[in-house]
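Residue numbering for the sequence shown follows the numbering used here, starting at 60 and increasing by one per position.
Just so it is clear, CB atoms sit at the ideal spot from N, CA and C, and this is done for glycine as well.
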Amino acid sequence: MLLKIKEFADFCEVSVRALHLYDRLNLLTPAEVNKSNGYRYYDSGQLKELNTIISFKKLGFSLADIKDMKAEGYSTDSVIRKLQEKKAENDRSIHILSYNNENIDSMLAHLKAEPEKETVEGEAVSISRIYCLENEKLEHDFSDILWL
């Protein structure tokens with residue numbers, strides 16, 4: 060059974076615009092296009108393909124990554140490789156965010172422990188000193204992270 064693009068989009072809870080994009084990128088092409096009016100039609104068998112795209116998007120994959128996996132027929136090897144790459148990327152992001160939170164905690168503790176500064180300039184100098192020291196540590200840690 061063929062559905063118009065709007066009907067398919069509503070059923071799958073995606074936008075018509077997303078379906079147009081997936082078509083342009085050859086991720087999900089319509090089952091049929093009416094030559095006289097240009098209407099796109101999708102069949103129920105394409106629901107699985109759309110769910111695959113949506114699932115990978117929810118995991119943070121780019122459409123280019125999804126297209127690469129599709130080009131390899133969603134082979135187990137290619138999907139495993141991409142999942143491992145995404146997990147490593149997520150682990151790096153977690154490490155960086157954790158490091159940022161440690162710096163925020165350090166700055167908060169420092170600011171709370173110091174008495175009120177008499178001038179805004181004095182406070183700015185104090186914060187900039189902390190920031191400069193943390194930047195040196197951050198530069199070193201990022202080098203370690205990015206060159207694993």
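* Asked: Can you tell me the Cα-Cα spacing of Ile163 and Leu118, whole angstroms?
  -> 28 Å
* To do: Please name the residue, chosen from Asn85, Tyr100 and Lys171, that lies closest to Glu66 on a Cα-to-Cα basis.
  => Tyr100
* CB contact flag (Ser137, Met128, <8 Å) -> yes
* Asked: Apart from the five residues just before and just after Thr88, which ones in its own chain have a Cβ nearer than 6 Å to its Cβ?
  -> By the criterion of a C-beta distance shorter than 6 Å, Thr88 is surrounded in its chain by Asp82, once the five residues flanking it on both sides are discounted.
* Residue from Leu86, Leu84 and Val92 with nearest C-alpha to Ile64 -> Val92
* Name the DSSP bridge partner or partners of Glu91? -> Looking at the DSSP assignment, Glu91 forms a beta bridge with Tyr100.
* **Through-space distance from Glu72 to Glu161, alpha-carbon basis** => CA-to-CA, the gap between Glu161 and Glu72 works out to about 40 Å.
* **Phe70, buried or exposed, once every other Cβ within 10 Å from all chains shown has been counted against 16** => exposed
* To do: In angstroms with no decimal places, state the Cα-to-Cα distance between Leu62 and Ser95.
  => 17 Å
* In terms of alpha-carbon separation, which member of Leu86, Glu144, Asn149 and Lys145 lies closest to Leu106? -> Leu86
* **Counted within 10 angstroms of its Cβ, other Cβ atoms place Ile153 as buried (16 or more) or exposed** => Note on Ile153: under 16 other CB atoms within 10 angstroms of its CB, so exposed under the neighbour-count rule.
* Asked: Since Leu62 is in the beta strand (DSSP E), which residue starts that stretch and which ends it?
  -> Leu61 to Lys63
* Tell me whether the beta-carbon of Ser103 lies closer than 8 Å to the beta-carbon of Met166. => no
* For Leu80, is the classification buried or exposed, using 16 other Cβ atoms within 10 angstroms of its Cβ as the cut-off for buried? -> exposed
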